[in-house]
Amino acid sequence: MFISAESKEKDFEGYTLIFPAVSVGNVGQLAVDMIISTLWMERIGYIYHDSILPLVGNDPFAHPESISCKIVTNCEVYENSENKTIIIQQRSPFVQGKRASFKQWLRKWMVEMKISQLVILTSSHAHERIDCQLQGSQFRFVAGPKFEKHEIEDMKSRLEWQELEKRLSENGETEEISSPYIPGGGIAKSLFKDCSEEVKVCILLLFCSEGDNASDALQLAKHANSWLNIIDMEPKLVMGVDGKSVKMPGLSWKVPYSWKLMFGSQVDRTLFH
747 MFISAESKEK DFEGYTLIFP AVSVGNVGQL AVDMIISTLW MERIGYIYHD
797 SILPLVGNDP FAHPESISCK IVTNCEVYEN SENKTIIIQQ RSPFVQGKRA
847 SFKQWLRKWM VEMKISQLVI LTSSHAHERI DCQLQGSQFR FVAGPKFEKH
897 EIEDMKSRLE WQELEKRLSE NGETEEISSP YIPGGGIAKS LFKDCSEEVK
947 VCILLLFCSE GDNASDALQL AKHANSWLNI IDMEPKLVMG VDGKSVKMPG
997 LSWKVPYSWK LMFGSQVDRT LFH
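Start counting the sequence shown at 747; every next residue gets the next number (this note's numbering).
Here it is in structure tokens:
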């Protein structure tokens, strides 16, 4: 269930929900961290569900000079009301055999909250690529049946995106669009299939391998933003105190401060003296 941090009920009608699937390299989750950190998105609650392993930890978005004391849990919800966007950040994997119950709950919750669009961020094993995927952009997208043809064409032409290639099944037949081949993509494929009849669903994915996937996460976040326009990176002209126009820079990507601790602290060099 969704536990709101506020007493008043939230209205998500017309909102876009961004959900990162727990996948290879945790690229989707890292990309979401970048978006939350850049927009300083507000935590509006958390999701309590027995399908997700329990977790508690320090606030990953806290600045070292901050005097606030916050903790995070295994699955939290963030909102940017200006762009009508909410993000579910899942920080721990599913309990074995419980994925289906979470997908069922999420689909029902989206319908109740009147969410208009679901964007699934995920990744796929690089070693599973076919020949035509080895070169060029490692980004792919899969649009659900509720997307109009002109919307998909806009993604291809304006954004220069490439749809995920179809695969041949074991009997030699080309797979259906409702069942994309995404090895290592977590629940992205099944969630796409379960929710595609209820809301507009789109999968954004990147081929990668396990390792330091910060650059992959930034690339995926940039692709998501180029479509959704939730972070305004364009410079603006504002009126200065002297009446003259001043060019102000747009937002830039803000890496969560906790990422500095990814590989631990540096070794004390006096040890080698």
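All residues carry an ideal CB built from backbone N, CA and C; glycine is no exception.
Counting C-beta neighbours from all protein chains within 10 Å, is the total for D962 16 or more, i.e. buried, or is it exposed?
buried
Whole-angstrom distance between A751 and S869, CA atom to CA atom
31 Å
Measure the alpha-carbon distance for E956 versus D978 and round it to whole angstroms.
31 Å
Answer with buried or exposed for L1007, where buried requires no fewer than 16 other C-beta atoms within 10 angstroms of its C-beta.
exposed
Does the segment 898–907 come close enough to the segment 928–943 to have 3 or more Cβ pairs within less than 8 Å?
no
Backbone CA spacing between K756 and S925 [nearest angstrom]:
33 Å
Can you list, in chain order, the stretches of the beta strand (DSSP E) that have 3 or more residues and sit fully within the segment 783–831?
788–793, 802–804, 817–819, 821–826
Since I866 sits in a beta bridge, which residues does DSSP pair it with?
F765, I949
Rounded to the nearest angstrom, what separates L880 and H871 at their Cα positions?
12 Å
Beta-carbon gap between D805 and I817 smaller than 8 Å
yes
DSSP state of E980 mapped onto helix, strand, coil
coil
Residues that R886 bridges to, as DSSP identifies them:
L951
For S924, the three-state DSSP class (helix, strand or coil)
Caution is warranted here: a pLDDT of 48 is assigned to S924, below 50, making its placement in the model unreliable, and no coordinate value can be reported.
For the beta strand (DSSP E) that F748 lies in, which residues bound it at each end?
748–750
Which residues share a DSSP beta bridge with H871?
C954
Is the separation between the beta-carbon of Q850 and that of R886 shorter than 8 Å?
no
Residue range of the alpha helix (DSSP H) that includes W907
From DSSP, W907 is part of no alpha helix (DSSP H); its letter is neither H nor E.
Could you tell me if S903 is buried or exposed, where buried requires 16 or more neighbouring beta carbons within 10 angstroms of its beta carbon?
exposed
Once you ignore the five residues that flank M747 on each side, which residues in its own chain have a CB closer than 6 Å to its CB?
Y794
Distance, Cα to Cα, V823 vs A934?
18 Å
Residue environment, T1016, which counts as buried when at least 16 other CB atoms sit within 10 Å:
exposed
Which residues bound the alpha helix (DSSP H) around E943?
Unbroken run through E943: none, as it is neither H nor E.
Can you tell me which of A960, Y761, L864, L952 puts its alpha carbon nearest to the alpha carbon of L910?
L952
What does the alpha-carbon distance come out to for the pair C821 and Y927?
26 Å
Expressed to the nearest angstrom, what Euclidean distance is found between the alpha-carbon atoms of F840 and S769?
11 Å
Taking the continuous alpha helix (DSSP H) assigned at D962, which residues delimit it?
960–974
Can you tell me the Cα-Cα spacing of K892 and V947, whole angstroms?
8 Å
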